[in-house]
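Undergrad: Pasting a structure here, questions to come.
Residue numbers (my numbering): 200 to 406.
Given below as structure tokens:
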């Protein structure tokens with residue numbers, strides 16, 4: 200009623216002391232535009248009052264607020280009851296079960312993305328360590344040069360997908376536990392990989 204009165208009947212503007220979006224509409228509706236403009240002014244005023252070291256222009260903040268609103272509206276839509284395969288509206292229990300399942304799926308996808316990033320970082324780091332060591336030892340041939348060259352060939356052959364990753368899980372519904380996920384097709388070379396990783400600790404000024 201308040202939204203309709205403001206937009207069509209010259210009613211009062213949104214209460215800035217108790218901000219409430221009209222989530223049935225997008226960010227460009229008159230009601231939501233008023234609130235977002237208010238939040239923009241409040242943000243920039245706080246920036247000046249507290250002398251923040253980094254100041255963003257209005258366009259940047261406005262775009263960020265729009266994106267936040269879009270995410271909020273998506274969450275709101277997903278949380279609303281939906282039609283089941285039988286064409287009936289979800290019961291509260293069915294709605295809760297769906298939201299829990301969606302949350303678990305999103306968590307799984309997020310963990311998989313994190314593992315892929317971690318694996319890529321491990322490979323790049325180990326390759327950089329071995330390239331540096333082999334190049335350094337090649338300048339003045341060392342007794343263990345061939346061993347390091349073998350490790351270098353090993354890492355290059357395994358590639359990024361040959362690195363182990365941490366696999367997380369939830370135990371007792373509370374604690375996230377990280378475990379090393381081993382590649383079934385790869386023989387155990389943990390000792391060799393530990394040797395490479397140890398160099399990063401010993402030569403932390405370099406790596």
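Glycine included, each C-beta is placed from N, C-alpha and C at the ideal position.
Bear in mind that the values here come from a model prediction, so they are computed numbers and not experimental data.
According to DSSP, is residue 271 helix, strand or coil?
TA: DSSP places residue 271 in helix when its eight states are reduced to three.
Undergrad: Helix, strand or coil for residue 282, going by three-state DSSP, please let me know.
TA: Here residue 282 sits in strand by DSSP.
Undergrad: Can residue 248 and residue 257 be called in contact, C-beta distance under 9 angstroms?
TA: Result no, Cβ atoms of residue 248 and residue 257 do not sit closer than 9 angstroms.
Undergrad: Output the boundary residues of the alpha helix (DSSP H) element that contains residue 242.
TA: Where residue 242 is concerned, the enclosing alpha helix (DSSP H) stretches over 229–248.
Undergrad: Is it right to say residue 321 is buried, meaning 16 or more other beta carbons lie within 10 angstroms of its own, or is it exposed?
TA: Buried, by the Cβ-count rule.
Undergrad: With a threshold of 16 other CB atoms inside 10 Å of the CB of residue 347, please say whether the residue is buried or exposed.
TA: It is buried - the Cβ of residue 347 has at least 16 other Cβ atoms within 10 Å.
Undergrad: Kindly list the residues whose CB is nearer than 7 angstroms to the CB of residue 201, restricted to its own chain and excluding five residues on each side of it in sequence; keep chain order.
TA: Hits under 7 angstroms: 210.
Undergrad: Buried or exposed: where does residue 253 fall if 16 or more other Cβ atoms within 10 Å of its Cβ makes it buried?
TA: Exposed, by the Cβ-count rule.
Undergrad: If we call anything under 9 angstroms between Cβ atoms a contact, is residue 272 one with residue 225?
TA: Closer than 9 angstroms, so yes.
Undergrad: Give the single residue among 265, 246, 399 whose Cα lies nearest to the Cα of residue 220.
TA: Checked all of 265, 246, 399; the closest Cα to residue 220 is 265.
Undergrad: Rounded to the nearest angstrom, how far is the Cβ of residue 325 from that of residue 395, given a contact under 8 angstroms?
TA: Correct: roughly 5 angstroms between the Cβ atoms.
Undergrad: Residue 289 to residue 301, Cα distance in whole Å?
TA: So the two alpha carbons sit approximately 15 angstroms from each other.
Undergrad: Please classify residue 259 as buried or exposed, where buried requires at least 16 neighbouring CB atoms within 10 angstroms.
TA: The residue in question, residue 259, is exposed, as its Cβ has fewer than 16 Cβ neighbours within 10 Å.
Undergrad: For residue 222 versus residue 261, is the C-beta spacing smaller than 9 angstroms?
TA: Against a cut-off of 9 angstroms, the Cβ pair of residue 261 and residue 222 comes out as no contact.
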